[in-house]
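Asks: Take this structure first; my questions come after.
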Amino acid sequence: MTSALAATNLLQFDRDGLVAWFAQHGQPAFRARQVFRWVHQKGVADFDAMSDLAKPLRQFLRTHATVAALPVLAESRSADGTVKWLFDVGGGNAVEAVFIPEAQRNTLCVSSQAGCAVNCSFCSTGHQGFSRNLQTWEILAQLWHAEFTMRRELALPAGERAISNVVMMGMGEPLQNYAALIPALRVMLDDDGYGLSRRRVTVSTSGVVPMIERLAQDCPVALAVSLHAPNDALRDELVPLNRKYPLHELLAACRHYLDFAPRDFITFEYCMLDGVNDTPELAQQLVRLVQAEQVRCKFNLIPFNPFPQSGLRRSPAARVAAFAQILLDAGIVTTVRKTRGDDIDAACGQLAGEVQDRTRRVIRMQQAAAPTAAHPAH
38 MTSALAATNL LQFDRDGLVA WFAQHGQPAF RARQVFRWVH QKGVADFDAM SDLAKPLRQF
98 LRTHATVAAL PVLAESRSAD GTVKWLFDVG GGNAVEAVFI PEAQRNTLCV SSQAGCAVNC
158 SFCSTGHQGF SRNLQTWEIL AQLWHAEFTM RRELALPAGE RAISNVVMMG MGEPLQNYAA
218 LIPALRVMLD DDGYGLSRRR VTVSTSGVVP MIERLAQDCP VALAVSLHAP NDALRDELVP
278 LNRKYPLHEL LAACRHYLDF APRDFITFEY CMLDGVNDTP ELAQQLVRLV QAEQVRCKFN
338 LIPFNPFPQS GLRRSPAARV AAFAQILLDA GIVTTVRKTR GDDIDAACGQ LAGEVQDRTR
398 RVIRMQQAAA PTAAHPAH
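Offset between the sequence shown (1-based) and my numbering: plus 37.
In structure tokens, the structure reads:
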């Protein structure tokens, strides 16, 4: 008999992966689809509750498999309805997911790594350092917990989803955890899983050019790029990855991605930093850049949420508005992101986590409400 410690966590698989695992154990594909629906459509983790499975199969699953969620270390709730969960991923590490309710949609912001190795200057996750990639099941476990927790709380009718949009904008650089990301995305999109459309699943990246090109082929979803500067000199300072993949290469990859993307534009995230990247001259440079590179795009201007180690300040609202107006006058769709959940440190740039930094061999333990985020989200 297989021990519980050796049981396979079925959250690790997309549907094809689960079919293959069932086949290895002499089980037909339709049984895998049944279990996949029980887990991801109904949130059922108890094999005995999967009533349309034969008794021998339920016995087999009890001894060989599990549906194991992540332990929740803390839950915080904002006055605006935002909910933040801190999940234990072991080894002294914790990551966060954030549920953001809005009038027409409910969005979940999901983490892909414990920490982040990109080290953007305005991002607290980068200051924590990097520990490890999350596994597919750890990415999906955040969605699984949030979806079925909120279904119960909102008392939704059977089959109605609580989460309409997923953004890979939490802790970590998703495209540096590509092997685990792709199966997770496929479960989100699968009609037997969460049934989300490609337009409603967004991967946010700081600009890992080769992986942008692979994503276009393997699983094209909506793409958001953390831009934050209109020239290489400034972006080299703000986003060190730019030294490896400079703006011309990044924007060329974005332009090619549009041939496969479910949306007809790329979203450029631009965190507004007082006196750093927020002048009218830089806004005009930004216009010239995207026009020269011929990238169909929209801009999301993000109020910076300061944290002690950054030495940076939020741009004044008037300067953000003036910056936005220059982009709008050039015919570029531009929004200023509304800050959500800042009273529980769940706003953009404030995701909390606990990360054992294996890149610097220094342990930096943050409290559950300490500020962090890989890409400025929500």
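Here a beta-carbon is modelled for each residue, glycine too, at the ideal position from N, C-alpha and C.
When DSSP labels each residue in this structure, what does Pro211 get in the three-state scheme?
Replies: Here residue 211 refers to the residue found at position 174 when the sequence shown is read from its first residue. If DSSP states are grouped into helix, strand and coil, Pro211 belongs with the helices.
Asks: For the alpha helix (DSSP H) that contains Cys291, what are its first and last residues?
Replies: Taking the first residue of the sequence shown as 1, we reach residue 291 at position 254. That run of the alpha helix (DSSP H) goes 284-294.
Asks: Bridge partners of Asn337, per DSSP?
Replies: Numbered from its first residue, the sequence shown carries residue 337 at position 300. Glu306, Thr372, per the DSSP bridge assignment.
Asks: Could you check which residue in Ala261, Gly244, Thr239 has the C-alpha nearest to that of Leu287?
Replies: Taking the sequence shown and counting its residues from 1, one reaches residue 287 at position 250. Considering only alpha carbons, the answer is Gly244.
Asks: Going by DSSP, what residues sit across from Arg351 in a beta bridge?
Replies: Taking the first residue of the sequence shown as position 1, residue 351 is located at position 314. DSSP, once it has assigned bridges, lists Leu310 as partnering Arg351.
Asks: Using a 10 Å radius around the Cβ and a threshold of 16 neighbouring Cβ atoms, would you call Ser352 buried or exposed?
Replies: The residue given as residue 352 occupies position 315 in the sequence shown. So Ser352 ends up on the buried side.
Asks: What would DSSP say about Ala266, mapped onto helix, strand or coil?
Replies: Residue 266 sits at position 229 when you count from the first residue of the sequence shown. Three-state result, Ala266: coil.
Asks: Any idea what DSSP makes of Ile363, helix, strand or coil?
Replies: In the sequence shown, the residue the question calls residue 363 occupies position 326. In this structure, Ile363 counts as helix in the three-state DSSP scheme.
Asks: Taking C-alpha atoms, which residue in Asn170, Lys335, Val155, Asp228 lies nearest to Lys281?
Replies: For this step, residue 281 is matched to residue 244 along the sequence shown. The candidate whose alpha carbon is nearest that of Lys281 is Val155.
Asks: From what residue to what residue does the alpha helix (DSSP H) around Arg251 run?
Replies: Here the question's residue 251 lines up with position 214 in the sequence shown. Unbroken alpha helix (DSSP H) run through Arg251: 246-255.
Asks: By DSSP's criteria, Ser168 is part of a beta bridge. Which residues make up the other side?
Replies: Counting from 1 along the sequence shown, the entry for residue 168 is found at position 131. The partner list for Ser168 (beta bridge, DSSP) is empty, contrary to what the question assumes.
Asks: Where does Arg416 sit, in a helix, a strand or coil, going by DSSP?
Replies: Missing from the structure shown is residue 416; the chain here goes from 38 to 415 and no further.
Asks: Grab me the residues of Arg95's own chain with a C-beta within less than 8 Å of its C-beta, minus the 5 sequence neighbours each way, in chain order.
Replies: Counting from 1 along the sequence shown, the entry for residue 95 is found at position 58. Closer than 8 Å at the Cβ level, and outside the excluded window around Arg95, lie Phe84, Asp85, Met87.
Asks: Mind checking which residues open and close the beta strand (DSSP E) that includes Thr239?
Replies: Locating residue 239 in the sequence shown gives position 202, counting from the first residue. Where Thr239 is concerned, the enclosing beta strand (DSSP E) stretches over 238-242.
Asks: Which same chain residues end up closer than 6 Å to Thr372 when comparing Cβ atoms and leaving out the 5 residues on each side of it in sequence?
Replies: Looking up residue 372 in the sequence shown gives position 335. Once the five neighbours on either side are set aside, the close Cβ partners of Thr372 are Asn337.
Asks: How far does the alpha helix (DSSP H) with Ala82 in it extend, from its first residue to its last?
Replies: As a first step, residue 82 must be located in the sequence shown, where it is residue number 45. No alpha helix (DSSP H) holds Ala82; DSSP gives it neither H nor E.
Asks: What does the Cβ neighbour count give for Pro211, buried or exposed, with the cut at 16 atoms within 10 Å?
Replies: Residue numbering aside, residue 211 sits at position 174 when the sequence shown is read from its first letter. Buried, since its Cβ has 16 or more Cβ neighbours within 10 Å.
Asks: Let me check one thing: in DSSP terms, what residues is Val126 bridge-paired to?
Replies: For the purposes of this step, residue 126 is identified with residue 89 of the sequence shown, where counting begins at 1. None; Val126 has no bridge partner.
Asks: Between Phe159 and Phe305, is the Cβ-Cβ spacing less than 8 Å?
Replies: Taking the sequence shown and counting its residues from 1, one reaches residue 159 at position 122. Taking the sequence shown and counting its residues from 1, one reaches residue 305 at position 268. For Phe159 and Phe305, no; Cβs fall outside 8 Å.
Asks: By the 10 Å Cβ neighbour count, where 16 or more other Cβ atoms means buried, how is Ile176 classified, buried or exposed?
Replies: The residue given as residue 176 occupies position 139 in the sequence shown. Result: buried.
Asks: For Leu271 and Asn314, I'd like the C-alpha separation in whole angstroms.
Replies: Stepping through the sequence shown from its first residue, residue 271 is reached at position 234. Stepping through the sequence shown from its first residue, residue 314 is reached at position 277. C-alpha separation (whole angstroms): 8 Å.
Asks: So Leu222 and Val258 are supposed to be a Cβ contact under 8 Å. How far apart are they, rounded?
Replies: As a working mapping, residue 222 is identified with position 185 in the sequence shown. As a working mapping, residue 258 is identified with position 221 in the sequence shown. Contact flag correct, Cβ pair sits at about 6 Å.
Asks: Taking the Cβ atom as the reference point for each residue, do Thr119 and Val204 lie within a distance shorter than 8 Å?
Replies: Position 82 of the sequence shown holds residue 119. Position 167 of the sequence shown holds residue 204. Contact: no.
Asks: In or out: Lys375 buried (at least 16 other Cβ within 10 Å) or exposed?
Replies: Here the question's residue 375 lines up with position 338 in the sequence shown. Lys375 is exposed by the Cβ-count criterion.
Asks: What residues in its chain sit with their C-beta under 8 Å from that of Phe297, if we drop five residues either side in the sequence?
Replies: For this step, residue 297 is matched to residue 260 along the sequence shown. Taken in chain order, the residues that qualify are Ala253, Gln254, Pro257.
Asks: So what's Asn202 in DSSP terms, helix, strand or just coil?
Replies: Within the sequence shown, the letter at position 165 stands for residue 202. DSSP places Asn202 in strand when its eight states are reduced to three.
Asks: Helix or strand or just coil, what does DSSP make of Lys281?
Replies: Position 244 of the sequence shown, counted from the start, is the residue given in the question as residue 281. Three-state result, Lys281: coil.
Asks: Quick check: the Cα distance between His101 and Phe73, rounded to an integer number of angstroms?
Replies: As a position in the sequence shown, residue 101 is number 64, starting the count at 1. As a position in the sequence shown, residue 73 is number 36, starting the count at 1. So the alpha carbons of these two residues sit roughly 16 Å apart.
Asks: Can you find the residues in the same chain that come closer than 7 Å, C-beta to C-beta, to Arg292, ignoring five residues on each side of it along the sequence?
Replies: Counted from its first residue, the sequence shown places residue 292 at position 255. Excluding positions up to five away in sequence, the list reads Glu330, Gln331, Val332.
Asks: For Val370, count neighbouring C-beta atoms within 10 Å of its own C-beta (all shown protein chains included) and say buried if the count is 16 or more, exposed if not.
Replies: Mapped onto the sequence shown, residue 370 falls at position 333. Looking at its Cβ environment, which holds fewer than 16 other Cβ atoms inside 10 Å, Val370 is exposed.
Asks: Excluding the 5 residues preceding and the 5 following Gln64 in the sequence, name in chain order all residues of the same chain whose CB lies nearer than 8 Å to its CB.
Replies: Against the sequence shown, residue 64 aligns to sequence position 27. Result list for Gln64: Leu94, Phe97, in chain order.
Asks: Compare the Cα-Cα distances from Met309 to each of Ala359, Val324, Phe136 and report the closest residue.
Replies: For this step, residue 309 is matched to residue 272 along the sequence shown. For the residues Ala359, Val324, Phe136, the minimum Cα distance to Met309 belongs to Ala359.
Asks: In the DSSP output, which residue or residues are listed as bridge partners for Lys121?
Replies: Translated into the one-based positions of the sequence shown, residue 121 becomes position 84. Paired residue(s): Ser113, Val135.
Asks: What residue does the alpha helix (DSSP H) around Ala57 start on, and which one ends it?
Replies: Residue mapping note: residue 57 aligns to position 20 of the sequence shown, counting from 1. Counting along the chain, the alpha helix (DSSP H) containing Ala57 begins and ends at 52-61.
Asks: Look at the alpha carbon of Leu48 and the alpha carbon of Thr186, and state the distance between them as a whole number of angstroms.
Replies: In the sequence shown, counting from the first residue as 1, residue 48 sits at position 11. In the sequence shown, counting from the first residue as 1, residue 186 sits at position 149. Whole-angstrom Cα-Cα distance: 17 Å.
Asks: Does Thr186 come out as helix, strand or coil in the three-state DSSP assignment?
Replies: Position 149 of the sequence shown, counted from the start, is the residue given in the question as residue 186. Helix at Thr186.
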